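S.K.: With the working numbering, letter number 92 in the sequence shown gets 403, and the count goes up by one each step, no holes.
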Amino acid sequence: MGATPEKSAYIVTGTTRGIGLALAQGVVARGDLLYTISRAPEHRAPGNQNYCCDLRDLAQVQAVMNRIMQDIPYASCSDLVLINNAGMLAPIGFLENIAAAQMEAHLHVNVMAPSLLMSEFIHLSNQLAKSATQSADHLADRLPCRRRILNITSGAASTPYAGWSVYCAGKAALNMITRCAALEQSEGPGGVSISAIAPGVVDTDMQAQIRASNEADFPARSRFVQMRAEGRMPTSAQVAALILDLDGDGQFRNGGIYDLRDAVNCDGKPYIEKRQ
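(1) Would you say residue 565 and residue 502 are within 9 angstroms of each other, going by their C-beta atoms?
(2) When the Cα of residue 347 is compared with those of 478, 389, 393, 520, which residue comes out closest?
(3) Does DSSP put residue 369 in a helix, in a strand, or in coil?
(4) Does the beta-carbon distance from residue 602 to residue 412 come in below 9 angstroms?
(5) Mind pulling the beta strand (DSSP E) runs of 3 or more residues that sit fully within the region 489 to 563?
(6) Considering Cα atoms alone, identify which of 526, 470, 320 is closest to residue 342.
(7) List the endpoints of the continuous beta strand (DSSP E) containing residue 344.
(8) Return the CA-CA distance between residue 459 and residue 555, expressed in angstroms with no decimal places.
(9) Looking at C-beta atoms only, is the number of pairs between the region 461 to 479 and the region 498 to 515 that lie closer than 8 angstroms three or more?
(10) With DSSP as the reference, identify every bridge partner of residue 360, one or two as the case may be.
(11) Provide the residue(s) that pair with residue 390 in DSSP beta bridges, ordered along the chain.
(12) Would you grab the beta carbon distance between residue 481 and residue 421 for me? Rounded to a whole angstrom, and I think it's under 8 angstroms.
(13) Span of the alpha helix (DSSP H) holding residue 294?
(14) Within 10 Å of its beta-carbon, does residue 419 have 16 or more other beta-carbons around it, so buried, or fewer, so exposed?
(15) Starting from residue 415 and walking both ways along the alpha helix (DSSP H), at which residues does that stretch end?
(16) Can you list, in chain order, the residues of its chain with a C-beta nearer than 8 angstroms to that of residue 476? Leave out the 5 residues immediately preceding and following it.
(17) If you follow the beta strand (DSSP E) that residue 385 is part of, which residue opens it and which one closes it?
In structure tokens form, the structure reads like this:
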């Protein structure tokens with residue numbers, strides 16, 4: 312018998328900066344395989360294979376996932392994980408002031424692209440499993456990798472904010488797609504575990520964008536300015552490490568929508584809340 316595969320293969324989107332970059336660096340530091348999808352042709356996380364893709368172009372999205380799935384050495388992997396991290400906040404403003412093109416670009420990046428990546432990940436890995444051998448009864452026996460999808464969501468999916476109508480709606484849509492796809496995957500053996508994670512208010516470029524916004528466009532701006540001034544924002548590195556730790560411990564269950572707020576400030580075992 313061959314040796315049991317020990318490395319995980321992570322596919323991570325939106326790795327140019329922020330939580331995505333920290334996730335990429337964390338995966339490499341742990342000795343796992345990393346495949347990144349970003350707008351930049353070159354990447355700041357050494358040890359990865361980077362695939363340049365504009366997530367607003369769905370033809371590019373489909374093609375890039377096909378390329379990645381062909382490049383992964385499945386026989387050497389214990390786990391295959393897709394992390395849909397890429398996202399955008401703009402446009403900020405009241406709904407009547409948002410142009411159709413802005414809505415379209417936002418929903419392509421925050422909803423349609425991650426949904427298509429999920430679809431391709433499930434479909435292509437199922438096809439690989441079926442073509443590997445016909446001797447096993449279940450997909451789980453044919454493909455040596457355990458398969459998971461982690462979607463990075465937001466508390467804004469369930470909390471409305473004036474000025475964030477498109478962002479809140481997009482994250483709510485991502486949560487429901489997560490739950491529906493997870494239900495589909497639970498219908499038979501060998502399915503993909505799918506969950507979503509809200510990292511909380513993290514000190515990233517997106518937060519800088521919020522603080523730079525006009526209060527007339529986003530009335531809750533002062534709350535985020537105060538949180539930053541009081542040091543109540545964890546770093547991207549802290550949040551990324553927590554996500555990878557919890558994922559490695561099997562804490563993210565199929566169909567779960569998880570909230571990591573305050574987790575990095577707890578002593579001992581990290582606090583994690585599952586939202587129904």
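Every residue gets a Cβ at the ideal spot worked out from N, C-alpha and C, and that includes glycine. A quick note: this is a predicted structure, and the numbers were derived from the prediction, not measured.
M.R.: A quick look at the data gives this:
(1) The residue given as residue 565 occupies position 254 in the sequence shown. The residue given as residue 502 occupies position 191 in the sequence shown. With contacts defined as CB atoms closer than 9 angstroms, residue 565 and residue 502 qualify as a contacting pair.
(2) Numbered from 1 along the sequence shown, position 36 holds the residue referred to as residue 347. Considering only alpha carbons, the answer is 393.
(3) Here residue 369 refers to the residue found at position 58 of the sequence shown. Helix.
(4) Look at the range of the chain in this structure, 312 to 587, and you will see that residue 602 is not part of it.
(5) Within the region 489 to 563, the complete beta strand (DSSP E) runs of at least 3 residues are 504 to 509.
(6) Reading the sequence shown from its first residue, position 31 is the one you call residue 342. For residue 342, the closest of 526, 470, 320 by C-alpha to C-alpha distance is 320.
(7) To locate residue 344, count along the sequence shown from 1; it is residue 33. For residue 344, the uninterrupted beta strand (DSSP E) run begins and ends at 344 to 349, by DSSP.
(8) Mapped onto the sequence shown, residue 459 falls at position 148. Mapped onto the sequence shown, residue 555 falls at position 244. Each residue's alpha carbon lies about 12 angstroms from the other.
(9) Contact between the region 461 to 479 and the region 498 to 515 is present, because at least three Cβ pairs lie under 8 angstroms.
(10) The residue labelled residue 360 in the question sits at position 49 within the sequence shown. 346.
(11) Within the sequence shown, numbered from 1, the residue matching residue 390 stands at position 79. According to DSSP, residue 390 shares a beta bridge with 319, 457.
(12) As a working mapping, residue 481 is identified with position 170 in the sequence shown. As a working mapping, residue 421 is identified with position 110 in the sequence shown. Contact between residue 481 and residue 421 holds, with the beta-carbon distance rounding to 4 angstroms and staying under 8 angstroms.
(13) As shown, the chain starts at 312 and ends at 587. That puts residue 294 outside it, with no answer to give.
(14) By 1-based counting over the sequence shown, the position of residue 419 is 108. The residue is buried, with at least 16 neighbouring Cβ atoms inside 10 Å.
(15) For this step, residue 415 is matched to residue 104 along the sequence shown. Element bounds for residue 415: 411 to 418.
(16) Taking the first residue of the sequence shown as 1, we reach residue 476 at position 165. Excluding positions up to five away in sequence, the list reads 405, 406, 409.
(17) Walking along the sequence shown from the start, residue 385 turns up at place 74. Under the DSSP assignment, residue 385 falls outside any beta strand (DSSP E); it carries neither an H nor an E label.
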